[in-house]
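Asks:
4 protein chains.
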Amino acid sequence: MHAISSRREMQQCIDECLHCYRTCKEMAMSHCLQAGGRHVEPEHFRLMMNCSEICRTAADFMLSTSPLHAQVCAACAAVCDACAENCEQIGEMDDCVQACRACALSCHQMSESLGAIGVGTSRQSSTSLGNLPA
Amino acid sequence: MHAISSRREMQQCIDECLHCYRTCKEMAMSHCLQAGGRHVEPEHFRLMMNCSEICRTAADFMLSTSPLHAQVCAACAAVCDACAENCEQIGEMDDCVQACRACALSCHQMSESLGAIGVGTSRQSSTSLGNLPA
Amino acid sequence: MHAISSRREMQQCIDECLHCYRTCKEMAMSHCLQAGGRHVEPEHFRLMMNCSEICRTAADFMLSTSPLHAQVCAACAAVCDACAENCEQIGEMDDCVQACRACALSCHQMSESLGAIGVGTSRQSSTSLGNLPA
Amino acid sequence: MHAISSRREMQQCIDECLHCYRTCKEMAMSHCLQAGGRHVEPEHFRLMMNCSEICRTAADFMLSTSPLHAQVCAACAAVCDACAENCEQIGEMDDCVQACRACALSCHQMSESLGAIGVGTSRQSSTSLGNLPA
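Chains as they are written, first to last, in the numbering used here: chain A, 9 to 142; chain B, 9 to 142; chain C, 9 to 142; chain D, 9 to 142.
The structure is reproduced here in structure tokens:
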């Protein structure tokens, strides 16, 4: 019902994850390293790297049509939120803030769609995404 | 206090994650593909791929000394549990079952150590792993 | 000179790599696993997994504005060519063939642009992509 | 014959790659970010990130028993050599230098074992690692 994410929503979430991966990675490795100073402070730079990594992994789970993507998307949403908040404080990171906010929203919805609770139980693991509405 | 994971525990969890990544990847791509039949059924094979991917990512977060590793470890524990359960049903996957069980246990402890709840909040994201007891 | 890839060409190659990663991963984990038979034969399935992995890595190198991307793109082009050829033999893999061919072409050009030869030497490693024409 | 890598050599190369991935990632994200200064200069930090990424990918190809690992190992050897050389110039990076040198040596041997030339041709892609001597 309302709790089931459609294929369209999942494709959009994959888009957001790959866009956020790309934005975080590129800004960290070009803008942040070139700018130096507060842009290479440990907390900020780790968040940028963490965010790019979990976005890439969340996309990978959804591309694998895995019924276990919900909890990975929940983790991705949390990291994206933390990265967006931190980038706002650092400043001059608007593209990153925007990409993280959009990805967090989409991943949060995805994490609720199939229910992050109970992932890993035998009932849950038999869920097939082949049954999703188009 | 007792809820804080030491560096030693984290290094062990990284070991377990990389070992589980390696075991799942190698068994899926050699044993399962060669054996065919139930070993390449979608649910089983997806779990093997998902498990190797999230184990690699959880290790990456811990190697990055990220304070956000707790929720990623929680997701990793859930996927490892699901993979272990499924591999037991498939049979002839003892190495994989063992690696998944050990990794799930270690990741579960790691996810509780810093608290998966509240990850992404400003308080949590300012936590530094540099303060961990050795 | 003519051998220098512009930023525009690199952004397009990143696009092609991420599209090929996505296509190979999704077709392998949904279409191939569901279809079974020749679609899960070891050689074919390994190529699909290898191709998605190296495409993701090649994109990562280019996003890192690394002067060492040339040799990774060369490896990516070789794997994409092998995957495209194999997918044509298997049949019913048109999207994958198309994505692999486009990615191989783009990566091949990228691997020639800065010269795969000499990567890792002190001269090469001091090359900065910051000097690339826009 | 002598040009064929045994399973034992490949397992050792996987060990070296995962060790080098782990060392580069951990030193970059803890030691380099904490130390700042020359440790976060763009060229050095990018090499550390590039090296960890390609090591992880080279390990993944070998774990997949892919006949296409030779060219990926060649790229890995080149990046490891560049990273080792750069880390020696930066100083205080002994663990990283050691891990990169060992990995470069092992990957270089692996890239020669099956022949990096001709990877992606139909003859090469039909090679099965299942025939490797133990």
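Every residue, glycine too, gets a C-beta built ideally from N, C-alpha and C.
#1: Over the uninterrupted alpha helix (DSSP H) stretch that includes H39 (chain B), give me the two end residues.
#2: Whose Cβ in chain B lies nearer than 8 Å to the Cβ of Q79 (chain A)?
#3: Indicate whether at least one CB of chain A lies closer than 8 Å to the CB of E61 (chain B).
#4: If you draw a straight line from the C-alpha of A185 (chain D) to the C-alpha of C104 (chain A), how long is it?
#5: Mark A114 (chain A) as exposed unless 16 or more other C-beta atoms lie within 10 angstroms of its C-beta, in which case mark it buried.
#6: Would you report the Cα separation of R54 (chain C) and L71 (chain A), rounded to the nearest angstrom?
#7: Please confirm if the region 28–44 of chain D is in contact with the region 41–56 of chain A, defined as three or more CB-CB distances below 8 Å between the two stretches.
#8: If we count the other Cβ atoms within 10 Å of its Cβ and call it buried at 16 or more, is E100 (chain D) buried or exposed?
#9: Could you check whether the Cβ of R30 (chain C) sits closer than 8 Å to any Cβ belonging to chain A?
#10: Tell me which same chain residues have a C-beta within less than 6 Å of the C-beta of C91 (chain D), skipping the five on either side of it?
#11: Please state the DSSP three-state secondary structure of T31 (chain B).
#12: Would you mind stating whether A78 (chain C) and S121 (chain C) have Cβ atoms separated by less than 8 Å?
#13: Smallest Cα separation from C28 (chain A): which of A:S119, A:Q97, A:M118, A:V87?
#14: Would you mind telling me which residues of chain C sit closer than 7 Å to E8 (chain A), beta carbon to beta carbon, in chain order?
#15: Counting C-beta neighbours from all protein chains within 10 Å, is the total for R64 (chain C) 16 or more, i.e. buried, or is it exposed?
#16: Counting only C-beta atoms, is M56 (chain B) closer than 8 Å to chain A at any point?
#17: Is there a Cβ of chain A sitting closer than 8 Å to that of G44 (chain D), yes or no?
#18: Does DSSP classify E24 (chain A) as helix, strand or coil?
#19: What in chain B is Cβ-close to M37 (chain C), meaning under 9 Å?
#20: Under a CB-based cut-off of 8 Å, is L41 (chain A) close to chain B?
#21: Using a Cβ-Cβ cut-off of 8 Å, state whether D103 (chain B) counts as contacting chain D.
#22: Buried or exposed: which applies to D68 (chain A), given that a residue is buried once 16 or more other Cβ atoms fall within 10 Å of its Cβ?
#23: Interface residues of chain B around L76 (chain D) at Cβ under 7 Å?
#24: Just the chain A side, please: which residues come within less than 9 Å of D23 (chain B) by C-beta, in chain order?
#25: Among B:C32, B:Q42, B:A43, B:T73, which one has its Cα closest to the Cα of T31 (chain D)?
#26: Between the Cα of C95 (chain C) and those of C:M118, C:S119, C:M57, C:E61, spot the shortest distance and give me the residue it belongs to.
#27: Give the range of the alpha helix (DSSP H) segment to which H116 (chain A) is assigned.
#28: Please list, in chain order, all residues of the same chain as A43 (chain A) whose beta carbon is under 8 Å from its beta carbon, the five residues on each side excluded.
#29: Going by the C-beta, is K33 (chain D) closer than 7 Å to any heavy atom of the ligand GDP?
#30: Note down, in chain order, every chain C residue with its Cβ under 8 Å from the Cβ of L26 (chain A).
#31: Taking A107 (chain C) as the query, report the chain D residues whose CB atoms sit under 9 Å from its CB, ordered along the chain.
#32: Excluding five sequence neighbours on each side, which residues of the same chain lie with their C-beta closer than 7 Å to the C-beta of I62 (chain C)?
#33: Give the straight-line distance between the Cα atoms of C81 (chain B) and E34 (chain A), rounded to the nearest whole angstrom.
#34: Determine the closest residue to D89 (chain D) out of D:A112, D:Q106, D:L76, D:L26, with distance taken between C-alpha atoms.
#35: Would you identify the three-state DSSP class for S14 (chain B), choosing helix, strand or coil?
Replies: On the basis of the data shown:
#1: Counted from its first residue, the second sequence places residue 39 (chain B) at position 31. Careful: H39 (chain B) lies outside any alpha helix (DSSP H) and carries neither H nor E.
#2: As a position in the first sequence, residue 79 (chain A) is number 71, starting the count at 1. Residues of chain B passing the Cβ test: A82, A83, A86, V87.
#3: Here residue 61 (chain B) refers to the residue found at position 53 when the second sequence is read from its first residue. Yes, E61 (chain B) counts as interfacial toward chain A.
#4: Residue coverage of chain D in this structure runs from 9 to 142, which leaves residue 185 (chain D) outside it and unanswerable.
#5: Numbered from 1 along the first sequence, position 106 holds the residue referred to as residue 114 (chain A). Note that residue 114 (chain A) is Ser in the sequence shown here, rather than Ala. The residue in question, S114 (chain A), is buried, as its Cβ has 16 or more Cβ neighbours within 10 Å.
#6: Taking the first residue of the third sequence as position 1, residue 54 (chain C) is located at position 46. Taking the first residue of the first sequence as position 1, residue 71 (chain A) is located at position 63. For R54 (chain C) and L71 (chain A), the distance between alpha carbons rounds to 17 Å.
#7: Taking a cut-off of 8 Å on C-beta distances, the region 28–44 of chain D touches the region 41–56 of chain A, as three or more cross pairs fall below it.
#8: In the fourth sequence, residue 100 (chain D) corresponds to position 92, counting from 1. Under this definition E100 (chain D) is an exposed residue.
#9: As a working mapping, residue 30 (chain C) is identified with position 22 in the third sequence. True, the Cβ-Cβ gap to chain A drops below 8 Å.
#10: Against the fourth sequence, residue 91 (chain D) aligns to sequence position 83. Result list for C91 (chain D): L55, C59, C108, in chain order.
#11: Within the second sequence, the letter at position 23 stands for residue 31 (chain B). Three-state result, T31 (chain B): helix.
#12: Taking the third sequence and counting its residues from 1, the one referred to as residue 78 (chain C) is at position 70. Taking the third sequence and counting its residues from 1, the one referred to as residue 121 (chain C) is at position 113. Judged by their CB atoms, A78 (chain C) and S121 (chain C) are nearer to each other than the 8 Å cut-off.
#13: Your numbering for residue 28 (chain A) matches position 20 in the first sequence. When each option's Cα is compared against that of C28 (chain A), the closest is A:V87.
#14: No information on residue 8 (chain A) is available, as it lies outside the stretch 9 to 142 that chain A covers here.
#15: What you label residue 64 (chain C) is simply residue 56 of the third sequence in a count that begins at 1. By the Cβ-count criterion, R64 (chain C) is buried, with 16 or more other Cβ atoms from all chains shown falling within 10 Å of its own Cβ.
#16: Along the second sequence, read from residue 1 onward, the residue named residue 56 (chain B) stands at position 48. Contact of M56 (chain B) with chain A is not assigned, every C-beta pair being separated by 8 Å or more.
#17: Counting from 1 along the fourth sequence, the entry for residue 44 (chain D) is found at position 36. Interface residue, yes.
#18: Residue 24 (chain A) sits at position 16 when you count from the first residue of the first sequence. Residue state, collapsed to three classes: helix.
#19: Looking up residue 37 (chain C) in the third sequence gives position 29. In chain order: P50, F53, R54, M57.
#20: Numbered from its first residue, the first sequence carries residue 41 (chain A) at position 33. Cβ-Cβ to chain B under 8 Å: no for L41 (chain A).
#21: Looking up residue 103 (chain B) in the second sequence gives position 95. Chain D contact via Cβ: absent.
#22: For the purposes of this step, residue 68 (chain A) is taken as residue 60 along the first sequence, with counting starting at 1. A residue is called buried once 16 or more other Cβ atoms fall within 10 Å of its Cβ, and D68 (chain A) is buried on that count.
#23: Here residue 76 (chain D) refers to the residue found at position 68 of the fourth sequence. By Cβ distance, chain B contributes nothing, its closest Cβ being about 13 Å from L76 (chain D), past 7 Å.
#24: Residue 23 (chain B) sits at position 15 when you count from the first residue of the second sequence. Ordered by position in chain A, no residue passes the 9 Å Cβ test against D23 (chain B), which lies about 19 Å from the chain.
#25: Counting from one through the fourth sequence, the residue named residue 31 (chain D) turns up at place 23. When each option's Cα is compared against that of T31 (chain D), the closest is B:T73.
#26: To locate residue 95 (chain C), count along the third sequence from 1; it is residue 87. In terms of CA proximity to C95 (chain C), C:M57 leads the group C:M118, C:S119, C:M57, C:E61.
#27: The sequence position of residue 116 (chain A) within the first sequence is 108, counting from 1. Taken as a continuous stretch (DSSP letters only), the alpha helix (DSSP H) holding H116 (chain A) covers 102–121.
#28: Walking along the first sequence from the start, residue 43 (chain A) turns up at place 35. Around A43 (chain A): E100.
#29: Questions concerning the ligand GDP fall outside what the structure shown contains, since it holds no ligand whatsoever.
#30: Position 18 of the first sequence, counting from 1, holds the residue named residue 26 (chain A). Contact of L26 (chain A) with chain C by beta-carbon distance below 8 Å involves L26, R30.
#31: Your numbering for residue 107 (chain C) matches position 99 in the third sequence. Here the premise fails: no neighbours, minimum Cβ distance about 16 Å.
#32: Within the third sequence, residue 62 (chain C) is the residue found at index 54, counting from 1. A83, C84, V87.
#33: The residue you call residue 81 (chain B) lines up with position 73 of the second sequence. The residue you call residue 34 (chain A) lines up with position 26 of the first sequence. In a straight line, the C-alpha of C81 (chain B) is about 26 Å away from that of E34 (chain A).
#34: Residue 89 (chain D) sits at position 81 when you count from the first residue of the fourth sequence. Cα-wise, what sits closest to D89 (chain D) is D:A112.
#35: Within the second sequence, numbered from 1, the residue matching residue 14 (chain B) stands at position 6. Three-state result, S14 (chain B): coil.
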